[in-house]
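Sequential numbering from 2 applies to the sequence shown in this note's numbering.
Note that the Cβ used here is the ideal one computed from N, Cα and C, for glycine as well.
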Amino acid sequence: MELPYLEDVSPGTGSLPPRAWYARSDAASLSLNGSWRFRLSPAADAEDDSFASDGYDAGAWGTVAVPGHWVLQGHGAPLYTNMVYPFPVDPPRVPTENPTGDHLRTFDLPDDWPATGGAVLRFDGVESCARLWLNGTELGDFKGSRLAHEFTVGHLLKPSGNVLAVRVHQWSSGSYLEDQDQWWLPGIFRDVTLLHRPEGCAVDFFTHASYDHQAGTGTLRVDSDAVGRVTVPELGVDIATGDSVTVRVEPWTAETPRLYDGVLATAGERVPLRIGFRTVVVEDGLIKVNGRRILFRGVNRHEFHPETGRALDLETMRTDVLLMKQHNINAVRTSHYPPHPAFLDLCDELGLWVIDECDLETHGFTEQGWRDNPVDDDRWTPALLDRAARMVERDKNHASVIIWSLGNECGTGRGLTAMARWIRARDAGRLIHYEGDRSCADTDMYSRMYPEHADVELIGRRQDTDGPDTRRQLPFILCEYGHAMGNGPGGLSEYQELFEAHERNQGGFIWEWIDHGLKHPEFGYAYGGDFGEELHDGNFVCDGLVFPDRLPSPGLHAYKRVIQPVRFAYDADAGTARITNLHDFADLSHLSFEWTYISDDDAATEGGELAVPPDLAPGASVELKLPDAPSTGRDAETFLHLTAMVGVKTNWTKLDHVVARAEFPVTPRPSVRAATGERPLPEAGFITLGPGTFDARTGELHTLNGIPLSSAPRLDIWRAPTDNDNGASWQGGQRNGIVWRELGLHRMQHRLDAVELTAEALTVRTRVAPASRDIGLRTVYRWTSDGTRLRLAVSVVPEGEWTVPLPRLGIRLGLPAAYGYAHWFGGGPGEAYPDTAAAADTSRWFMPVDRMQTPYVRPQENGARADVRWAELRTDFTGEGVRVVGEPAFRFTARRWTTEQLDAATHRTDLTPGDTVWVHLDHGQHGIGSQSCGPGVLPQYELHAAPAEFALTFSRTSP
């Protein structure tokens, strides 16, 4: 049976061979972006192709914006799956129910459009299969959604009234190759451009610009289909295409992205060139650029915007690159397809290493043990080679692209080997990556996703024995790690230590850059299932370091600190600071440094410049004497902050932008003065103890300094499970969030055993335990006072066999809603958990309670501030309120909804502020980990049920 074009395994018909993309030349062009007429049909054959005929009346059709996705413009609905195909797996066949969008665009040629020469019609991205006509003549069809396709159209153009007709099918044989863990979003989502092609134009060209790090010279050769000349004025270069020249140059790196402006001039066209000289090799088992080992501090990036999906404008792309640079990210993997080509221009200009990944993933075939996997079926190999060629040819002139990736999660097969062979033959100057084949038969590096830290240690030592011997000679990267879904990821510092300890471990790429939450009038941001899909993967699509609106998450702040390119150390005895340059290429001349002593006593805060030599080379260190800490702060806890800031003008951030920071304890925290001596006074059903009034029967605190409590302080161990607590169904190991709920830790019962009065204390004895279980926590609350302050000492002893860690251990209480302004001395300004606290700086902080919430797309535990010595909740910035001092320091959370309400919420809009500020004062919190798609919490960050004692002293704050 002959299959229709959309189900044929071929890549398409009629398109021109792929070629290099460039943003501009002196040849004329016409953007066809804008408003197009649109008609949606439920099936591929629901309408004939008469709409492409001359004179067709589309006046009754609707419209869509191009670039764009019709499902985000009121025509149908998006759907999300991570791995499974949302249609029956029967390659290359697709369902009869196949949403099909017919697009029409009428255009006139500009008055100055050249009368001679030809023209090419270029589509930069269409999902998933397109068939097209111009002025009634069929041009062809194509698949490869994130790849460019061009068609010769000059002979069909007329001065006015040109009609471009495009039929787009949501599902095609190409869909089997594009199962890439993202929203399925059909449409013409990248630019459509008409390009004039003068006689003698630059058809295709390949810029080869290598760098000899020993000689300090670059060698340039531009191969071109059309004969021409290449000039680079700054270098005095003027050579014929195909010729080579060697000159002294400054090399291109992600840290020092030096580009030289040149021109390729053929008989009919002048094309601007941006040339970066660099050489990429694997040598001594390491990835080296310009002779030096590099360390990837990377991130995976899908293209996404909460309103326009994968249709991104240049400003959004620039925002992404700037945010990456400002958070110390030096590399991006274009998961799992080539990005809009303008993004790579920005990487060239601003400086990012790029792994450019082919538009290929067949992950859904794991559901059938990889049976019928296209990458191991010779019928599909031409389509795979077409995709490889369209990636390489389009992007081959970008200095930032140093590695080609064959694709993602495709299993293994002959098609991948064919792709690798073609790429090596075409471009010997870059490396090849693929993660899915542990033999590394086709690649230049060993790559893994989400390994345990212990595995990374073994691999770094070249002691991995589960593969061929040849693999142990290859460099190692993590193409995905640190799954940034919801609160997290945890454990990044420990990964970074392994990258820096073993030269084979050359870093990795966090999964991923952005939460794919689609803007929604009811939910705020929507995820899988919110559009009525039966088959979906929920909020697994929201796993980024930035929220959908590109607001950095706490995970991005922590990652920035973990990968910062300057290391600080402090020798308290010698009074010196040690500064190490962790850059791979740059010295420190672009940075300025300062020291600051931060104290709980405002008067003791001092700072000044730190004279770090600007020419400190990569890998080198310097030790500098520091001024003494201020004597006025010797009775207050004091910290030393060391900071590196941008000190010169850059194209990626402002002056004084903080690049690196570290803190060190200088003087210890003084002991908290005991609040004792006041006698508890029973009276008419109440007990008065200093500023507190208690219920005589239950021993619960009702008022504090006259402030009525909405909820009395009592032990709390539950937290709204994070995505990483819940883990993924395919992950190994215990998924704590699930087990916690099975044990009933979300519905603990508090039994009162005794209320005891002595001459100096009120003691309340309780047992806190879940129903139907024989485990519990013996909890004793001992209250004392000195008349103005009220101290709560808490003792907790576990009973029974606890087989899981606790979510948290601390005290929860409720204050009236007016107490909504928080001050504290401790970690901040953002949230921090035991294994995500890298960005927490000890200082005095202040913010409204409403701003203390982290807006995860799916609500979950958030907002805890770490290592808090004291906290205050006031009625306004300077109003009266409640102060609490911890012994030892505690984790501080305040929010206007209960943990139970947070737990029940599925979207941000489910959370409505109530009449209570709920305050958590935690002695401990379980770590976060990354078990949503990676390792769980490391042992040192687990919160085990064990005897614990801590104290909190409450007092009044005055305006």
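*Which residues share a DSSP beta bridge with Y822?*
Here residue 822 is taken as the residue at index 821 of the sequence shown, counted from 1. In the DSSP output, where bridge partners are listed per residue, Y822 has P849, R875.
*Looking at the unbroken beta strand (DSSP E) that takes in V248, where does it start and where does it end?*
In the sequence shown, residue 248 corresponds to position 247, counting from 1. Its beta strand (DSSP E) spans residues 245 to 249.
*Does the separation of the CB atoms of R884 and S956 fall below 8 Å?*
For this step, residue 884 is matched to residue 883 along the sequence shown. For this step, residue 956 is matched to residue 955 along the sequence shown. Yes.
*Could you check the C-alpha separation between D465 and E410 for me, to the nearest Å?*
Taking the sequence shown and counting its residues from 1, the one referred to as residue 465 is at position 464. Taking the sequence shown and counting its residues from 1, the one referred to as residue 410 is at position 409. Approximately 21 Å between the Cα atoms of the pair.
*Flag this pair as yes or no: are the beta carbons of L953 and L903 separated by less than 8 Å?*
On the sequence shown, position 952 is the one that residue 953 refers to. On the sequence shown, position 902 is the one that residue 903 refers to. Not closer than 8 Å, so no.
*Could you tell me if M2 is buried or exposed, where buried requires 16 or more neighbouring beta carbons within 10 angstroms of its beta carbon?*
Counted from its first residue, the sequence shown places residue 2 at position 1. The residue in question, M2, is exposed, as its Cβ has fewer than 16 Cβ neighbours within 10 Å.
*Mind checking K650: buried by the 16 CB within 10 Å criterion, or exposed?*
Within the sequence shown, residue 650 is the residue found at index 649, counting from 1. With fewer than 16 other Cβ atoms within 10 Å, it is exposed.
*Assigned exposure category for A573 - 16 Cβ within 10 Å defines buried*: Within the sequence shown, the letter at position 572 stands for residue 573. With fewer than 16 Cβ atoms within 10 Å of its Cβ, A573 is classed as exposed.
*Please classify K397: is it buried, with 16 or more other beta-carbons within 10 angstroms of its beta-carbon, or exposed?*
Walking along the sequence shown from the start, residue 397 turns up at place 396. Per the 10 Å Cβ criterion, buried.
_Considering only the alpha carbon of each residue, which of H658, N34, D538, L105 lies closest to A53?_
Numbered from 1 along the sequence shown, position 52 holds the residue referred to as residue 53. Taking only the C-alpha atoms, the option nearest A53 is L105.
*CB H503 to CB Y451, shorter than 8 Å?*
By one-based count along the sequence shown, residue 503 stands at place 502. By one-based count along the sequence shown, residue 451 stands at place 450. The answer is no: Cβ separation not under 8 Å.
*To the nearest angstrom, report how far apart D601 and R813 are at their CA atoms.*
As a position in the sequence shown, residue 601 is number 600, starting the count at 1. As a position in the sequence shown, residue 813 is number 812, starting the count at 1. D601 and R813: Cα-Cα distance of roughly 25 Å.
*Along the chain, where does the beta strand (DSSP E) that runs through E534 open and close?*
By one-based count along the sequence shown, residue 534 stands at place 533. Unbroken run through E534: none, as it is neither H nor E.
*Segments assigned beta strand (DSSP E), at least 3 residues, entirely inside the region 69 to 133*: 80 to 82, 98 to 108, 119 to 124
*asked:* I want to know whether the region 95 to 113 touches the region 209 to 220 - three or more CB-CB distances under 8 Å.
replied: no
*Would you mind giving the Cβ-Cβ distance between E358 and D180, rounded to the nearest angstrom? I have them listed as a contact below 8 Å.*
One-based indexing of the sequence shown puts residue 358 at position 357. One-based indexing of the sequence shown puts residue 180 at position 179. The Cβ separation is near 14 Å, so there is no contact.
_Would you call the region 552 to 568 in contact with the region 190 to 206, where contact means no fewer than 3 C-beta pairs closer than 8 Å?_
no
*With a Cβ-Cβ cutoff of 8 Å, do F548 and R505 count as a contact?*
Your numbering for residue 548 matches position 547 in the sequence shown. Your numbering for residue 505 matches position 504 in the sequence shown. No, the pair does not count as a contact, with Cβ atoms beyond the cut-off.
*Return the Cβ separation of T577 and L627 in integer angstroms, given the expectation that the two are a contact with Cβ distance under 8 Å.*
As a first step, residue 577 is located in the sequence shown; it is residue number 576 there, counting from the start. As a first step, residue 627 is located in the sequence shown; it is residue number 626 there, counting from the start. Between L627 and T577 the Cβ distance is about 6 Å, and since that is below 8 Å, they are a contact.
_Does P868 pass the burial test, meaning 16 or more other C-beta atoms within 10 Å, or should it be called exposed?_
For the purposes of this step, residue 868 is identified with residue 867 of the sequence shown, where counting begins at 1. For clarity, residue 868 is Asp in the given sequence; the question names Pro instead. So D868 counts as buried.
_Which of the three DSSP states is assigned to A332 in this structure?_
Translated into the one-based positions of the sequence shown, residue 332 becomes position 331. The answer is strand: DSSP assigns A332 an E or B state.
*Does the beta-carbon of R298 have 16 or more other beta-carbons within 10 angstroms, so that it is buried, or is it exposed?*
Counting from one through the sequence shown, the residue named residue 298 turns up at place 297. By the neighbour-count rule (16 or more Cβ atoms within 10 Å), R298 is buried.
*A841 (DSSP reduced to helix, strand or coil)*: The residue given as residue 841 occupies position 840 in the sequence shown. Coil.
*asked:* Would T471 pass as an interface residue toward chain C - the criterion being a Cβ-Cβ separation below 8 Å?
replied: Of the chains in the structure shown, none is chain C; there is only one protein chain.
*asked:* If you reduce the DSSP assignment to three classes, tell me which class P342 lands in.
replied: Within the sequence shown, the letter at position 341 stands for residue 342. Helix, per DSSP.
*asked:* Alpha carbons only, please: which of Q497, Y820, W898 is nearest the one belonging to D877?
replied: Position 876 of the sequence shown, counting from 1, holds the residue named residue 877. Comparing Cα positions, the closest option is Y820.
*Which two residues bound the contiguous alpha helix (DSSP H) that contains K326?*
Numbered from 1 along the sequence shown, position 325 holds the residue referred to as residue 326. Here the alpha helix (DSSP H) through K326 covers 315 to 327.
*Exposed or buried, R147, counting other C-beta atoms within 10 Å across all chains shown (16 or more means buried)?*
Taking the sequence shown and counting its residues from 1, the one referred to as residue 147 is at position 146. The residue in question, R147, is buried, as its Cβ has 16 or more Cβ neighbours within 10 Å.
*Just reading off the alpha helix (DSSP H) that F500 is part of, what are its end residues?*
Locating residue 500 in the sequence shown gives position 499, where the first residue counts as 1. That run of the alpha helix (DSSP H) goes 493 to 502.
*Have a look at W596 and P19 and give me their C-alpha separation to the nearest angstrom.*
Taking the sequence shown and counting its residues from 1, one reaches residue 596 at position 595. Taking the sequence shown and counting its residues from 1, one reaches residue 19 at position 18. Straight-line Cα distance between these residues: approximately 55 Å.
*Beta-carbon proximity list for W974, same chain, < 6 Å, skipping 5 on both sides*: Limits of the chain in this structure are 2 at one end and 960 at the other, which puts residue 974 out of reach.
*Look up N301 in the DSSP assignment and give the residues it is bridged to.*
Position 300 of the sequence shown, counting from 1, holds the residue named residue 301. Answer by DSSP bridge pairing, in chain order: R334.
_Reduced DSSP category for N737 - H, G, I as helix; E, B as strand; rest coil_ = By 1-based counting over the sequence shown, the position of residue 737 is 736. Helix.
_Presumed contact (8 Å Cβ cut-off) between R25 and A120, rounded CB distance_ = The count along the sequence shown starts at 1 and reaches residue 25 at position 24. The count along the sequence shown starts at 1 and reaches residue 120 at position 119. Their Cβ separation, rounded to whole angstroms, is 16 Å, which puts R25 and A120 out of contact at 8 Å.
*Assuming I688 contacts L744 (C-beta within less than 8 Å), just tell me the rounded distance between them.*
For the purposes of this step, residue 688 is taken as residue 687 along the sequence shown, with counting starting at 1. For the purposes of this step, residue 744 is taken as residue 743 along the sequence shown, with counting starting at 1. About 34 Å separates the two Cβ atoms, so there is no contact after all.
_Just to confirm, is the Cβ distance from F344 to H517 under 8 Å?_
By one-based count along the sequence shown, residue 344 stands at place 343. By one-based count along the sequence shown, residue 517 stands at place 516. The answer is no: Cβ separation not under 8 Å.
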